[in-house]
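Residue numbers (the UniProt record's numbering): 1 to 597.
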């Protein structure tokens, strides 16, 4: 059976990421990019689908692990009856086209017989490479990919696996370096692992040291989340992947298995706010620039998600040869939701660009062009049905939150340009007049059609009976004050009906069949709403409850299975960590808020 999701820790180089288990096995890695094919996919199958194991060859009697302080360098201590070793796992920031994964084995006590097993499987765990032994390791090639292992011990190459058995003495440091390069280029030279470790430690400590701990009562949690988010920001482009994994299931053994290795515009304002409020303006500006590039030319044709380089096409297909995480199939690559019609995405983009200005990120001529094109398009499509923020693949509906975000988009545009355009000419003044009237029309309609008087709450969609935790965002974006009686009642209803052991579900659980877990971002949004209502002690308790389900190294997935007491969904999940940062900062003092809330 696959390891629990919480058994994994993240390492990465800002262009891809790997997951290493507490047992010393790297079970997930896509090379050379987050959204490329995996070469280790044991996470979604078995060791035969690719992994890199490094651990004692005898029984481990105890283990512990931690990130080195303020870094993305993972340490795992493994103790046997004869001694103890430490694994130091990290990925140096890459130079050129070569990416490396470094594992240093350190002898802590006694003598420990250890083993290494390297099973490379390209094309999502299905394609073993051709491997050739070298003087200090192996070279493996398949198609466009080349991987070289430089090892300090003798390597035995067997069919589809390279392995070694060796003894680690106290005080020894043995460095194993796995490097990727395009197959048509020369084989990468061995890097100096100790020097790379020093540089990597310095990089992360300098970066994380820019955060001021006094900004929050929860500095450790915020700092770890910021480091995790930085690891998921694609350094060349500035795009943020929703998660570095695909198809970790939201419901046990079910079909809610999605590919999250892309950039969601839904996360745009959450990302910008977290980065600006935490003091990372460079990354915030990079994200804003990425956003403008992907919508350039035809902003009205914006999609809900993109590849990290801004490419639009994310055709979805299934890897039928992978058995899935704990037999949850299909394993998906790509995401068909990318072509969905979601009204809220237009409001998200306009809200993000507005927040960037408020946060001191200089606007550009391209930005003004994009905002006008989007708001003119929104004027024509705001009242159409869509798939909603949760990307329903069922019937299109008039989702309440989507309509509220249409209002947000128009509101943000008018805030910035309304006065200027009113004075600049008949055509511009007419646009402002129409948009001002439309803003009120949308607000009135949402308050009328999205409100269910019998239930005393806003509902997921017009005329519906179901409640939905996305409604918690309405006061956060400034659509209604949190203390408006309708909003207060909605917050209370969600807290009562969607809470599961203090965590908030997106929607009510089904009475039969497997259910998805509590949605962690929603749990943080509840804390934000309680804070806006002045229920500060409740808000802090809500935050603490969500923090309590982090794994032992401070990471969150998308969801938490309350009955099973385990993390669920893709891991680590950017939206969960963004919500953590925004809530922990917002509960600790003044922050830059959406909608001036």
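Backbone N, C-alpha and C fix where the C-beta goes; we use that ideal spot for every residue, glycine too.
Hey, could you find the ends of the beta strand (DSSP E) residue 468 is sitting in?
-> Here residue 468 refers to the residue found at position 468 of the chain shown. Note, residue 468: premise wrong, no beta strand (DSSP E); not H, not E.
For residue 583, name the three-state secondary structure that DSSP assigns.
-> Numbered from its first residue, the chain shown carries residue 583 at position 583. Residue state, collapsed to three classes: helix.
Under 8 Å, do residue 178 and residue 382 count as touching if we go by C-beta distance?
-> As a working mapping, residue 178 is identified with position 178 in the chain shown. As a working mapping, residue 382 is identified with position 382 in the chain shown. Cβ atoms of residue 178 and residue 382: not closer than 8 Å.
Are residue 146 and residue 183 close, meaning C-beta to C-beta below 8 Å?
-> Within the chain shown, residue 146 is the residue found at index 146, counting from 1. Within the chain shown, residue 183 is the residue found at index 183, counting from 1. Going by C-beta atoms, residue 146 is nearer than 8 Å to residue 183.
Can you grab the Cα-Cα spacing for the pair residue 418 / residue 432, in whole Å?
-> Translated into the one-based positions of the chain shown, residue 418 becomes position 418. Translated into the one-based positions of the chain shown, residue 432 becomes position 432. Whole-angstrom Cα-Cα distance: 6 Å.
Output the residue ranges of the alpha helix (DSSP H) runs that lie fully inside the segment 222-270 and measure 4 residues or longer, sorted by chain position.
-> Along the length of the segment 222-270, whole alpha helix (DSSP H) runs at least 4 residues long do not occur.
Across which residues does DSSP place residue 204 in a beta bridge pair?
-> Counting from one through the chain shown, the residue named residue 204 turns up at place 204. Residue 204 pairs with nothing; no bridge assigned.
Which of the three DSSP states, helix, strand or coil, is assigned to residue 17?
-> The residue you call residue 17 lines up with position 17 of the chain shown. Correct three-state label for residue 17: strand.
Three-state class that DSSP yields for residue 494 in the structure shown = In the chain shown, residue 494 corresponds to position 494, counting from 1. Helix at residue 494.
Backbone CA spacing between residue 428 and residue 421 [nearest angstrom] | Residue numbering aside, residue 428 sits at position 428 when the chain shown is read from its first letter. Residue numbering aside, residue 421 sits at position 421 when the chain shown is read from its first letter. Those two C-alpha atoms are separated by around 5 Å.
Do residue 502 and residue 561 have their CB atoms nearer than 8 Å?
-> Numbered from its first residue, the chain shown carries residue 502 at position 502. Numbered from its first residue, the chain shown carries residue 561 at position 561. Taking 8 Å as the Cβ cut-off, residue 502 and residue 561 do not qualify as a contacting pair.
Bounding residues of the alpha helix (DSSP H) (the contiguous stretch that carries residue 34) = On the chain shown, residue 34 is found 34 positions in, with the first residue counted as 1. That residue, residue 34, is in no alpha helix (DSSP H); it is neither H nor E in DSSP.
Which same chain residues, not among the five before or five after residue 597, have their C-beta less than 7 Å away from its C-beta?
-> Stepping through the chain shown from its first residue, residue 597 is reached at position 597. Here the model assigns residue 597 a pLDDT of 47, short of 50, so the residue's position is not dependable, and the following value carries that caveat. Excluding sequence neighbours, residue 597 sits near 475, 476, 478, 532.
Just curious, the alpha helix (DSSP H) that residue 405 is in, first and last residue?
-> As a first step, residue 405 must be located in the chain shown, where it is residue number 405. Per DSSP, residue 405 belongs to the alpha helix (DSSP H) from 400-422.
Thinking C-beta only, is residue 249 closer than 8 Å to residue 328?
-> One-based indexing of the chain shown puts residue 328 at position 328. One-based indexing of the chain shown puts residue 249 at position 249. Yes; because the gap between Cβ atoms is below 8 Å, this pair is in contact.
Three or more beta-carbon pairs under 8 Å between the segment 107-118 and the segment 48-62, yes or no?
-> yes
Between the CA atoms of residue 139 and residue 174 - distance to the nearest angstrom = Position 174 of the chain shown, counted from the first residue, corresponds to residue 174. Position 139 of the chain shown, counted from the first residue, corresponds to residue 139. So the two alpha carbons sit approximately 19 Å from each other.
Nearest-angstrom Cα distance between residue 409 and residue 523?
-> Locating residue 409 in the chain shown gives position 409, where the first residue counts as 1. Locating residue 523 in the chain shown gives position 523, where the first residue counts as 1. Cα-Cα distance, rounded: 25 Å.
Please confirm if the segment 348-367 is in contact with the segment 276-289, defined as three or more CB-CB distances below 8 Å between the two stretches.
-> yes
Please work out which residues of its chain come closer than 8 Å, Cβ to Cβ, to residue 455, disregarding the five sequence neighbours upstream and downstream, and give them in chain order.
-> Here residue 455 is taken as the residue at index 455 of the chain shown, counted from 1. When the five nearest sequence neighbours on each side are left out, the beta carbons in the same chain lying within less than 8 Å of the beta carbon of residue 455 are those of 465, 467, 493, in order along the chain.
Report the rounded CA-to-CA distance for residue 379 versus residue 559, giving the unit in angstroms.
-> By one-based count along the chain shown, residue 379 stands at place 379. By one-based count along the chain shown, residue 559 stands at place 559. For residue 379 and residue 559, the distance between alpha carbons rounds to 35 Å.
Of the listed residues 530, 551, 553, 534, nearest to residue 542 (C-alpha basis) = Walking along the chain shown from the start, residue 542 turns up at place 542. Residue 542 has its Cα closest to that of 530, out of 530, 551, 553, 534.
Who are the near neighbours of residue 267 in its chain, counting only those whose CB is closer than 7 Å to its CB and skipping five residues on each side?
-> To locate residue 267, count along the chain shown from 1; it is residue 267. If we look at residue 267 and ignore the five residues flanking it on each side, its Cβ neighbours are 240, 242, 574, 575, 578.
Segments assigned alpha helix (DSSP H), at least 4 residues, entirely inside the segment 528-597 = 536-547, 574-586
Pair within 8 Å by beta-carbon distance, residue 20 and residue 89 = Within the chain shown, numbered from 1, the residue matching residue 20 stands at position 20. Within the chain shown, numbered from 1, the residue matching residue 89 stands at position 89. Yes, the Cβ-Cβ distance between residue 20 and residue 89 is below 8 Å.
Residue 185 (DSSP reduced to helix, strand or coil) | Translated into positions along the chain shown, residue 185 becomes position 185. In the structure shown, residue 185 sits in coil (DSSP, three-state: anything other than H, G, I, E or B).
How would you call residue 403, buried or exposed, if buried means at least 16 neighbouring beta carbons within 10 angstroms?
-> Position 403 of the chain shown, counted from the start, is the residue given in the question as residue 403. Label assigned to residue 403: buried.
Output yes or no for whether 8 Å exceeds the beta carbon distance between residue 251 and residue 515.
-> Counting from 1 along the chain shown, the entry for residue 251 is found at position 251. Counting from 1 along the chain shown, the entry for residue 515 is found at position 515. In contact: residue 251 and residue 515 (Cβ atoms closer than 8 Å).
Is residue 86 near residue 106, with beta carbons less than 8 Å apart?
-> Counting from one through the chain shown, the residue named residue 86 turns up at place 86. Counting from one through the chain shown, the residue named residue 106 turns up at place 106. Closer than 8 Å, so yes.
Residue 28 (DSSP reduced to helix, strand or coil) | Your numbering for residue 28 matches position 28 in the chain shown. Strand at residue 28.
Do residue 345 and residue 400 have their CB atoms nearer than 8 Å?
-> Sequence index remark: in the chain shown, residue 345 carries index 345 (1-based). Sequence index remark: in the chain shown, residue 400 carries index 400 (1-based). It is not a contact, given that the beta carbons lie outside the stated cut-off.
Assigned exposure category for residue 584 - 16 Cβ within 10 Å defines buried | By one-based count along the chain shown, residue 584 stands at place 584. Buried is the call here.
Can you list, in chain order, the residues of its chain whose CB lies under 6 Å from that of residue 162, leaving out five sequence neighbours each side?
-> Reading the chain shown from its first residue, position 162 is the one you call residue 162. Excluding positions up to five away in sequence, the list reads 118, 138, 155.
Residue 312 - DSSP class collapsed to helix/strand/coil = Position 312 of the chain shown, counted from the start, is the residue given in the question as residue 312. Of the three classes helix, strand and coil, the one that applies to residue 312 here is coil, per DSSP.
Contacts around residue 259, its chain only, beta-carbon distance under 7 Å, and the 5 residues preceding and following it disregarded = On the chain shown, position 259 is the one that residue 259 refers to. Excluding sequence positions up to five before and after residue 259, its CB lies within less than 7 Å of the CB of 246, 247, 332, 333, 334, 335, all in the same chain and listed in chain order.
CB of residue 262 within 8 Å of CB of residue 325, strictly = For the purposes of this step, residue 262 is taken as the residue at position 262 of the chain shown. For the purposes of this step, residue 325 is taken as the residue at position 325 of the chain shown. Cβ distance not < 8 Å, so residue 262 and residue 325 don't count as in contact.
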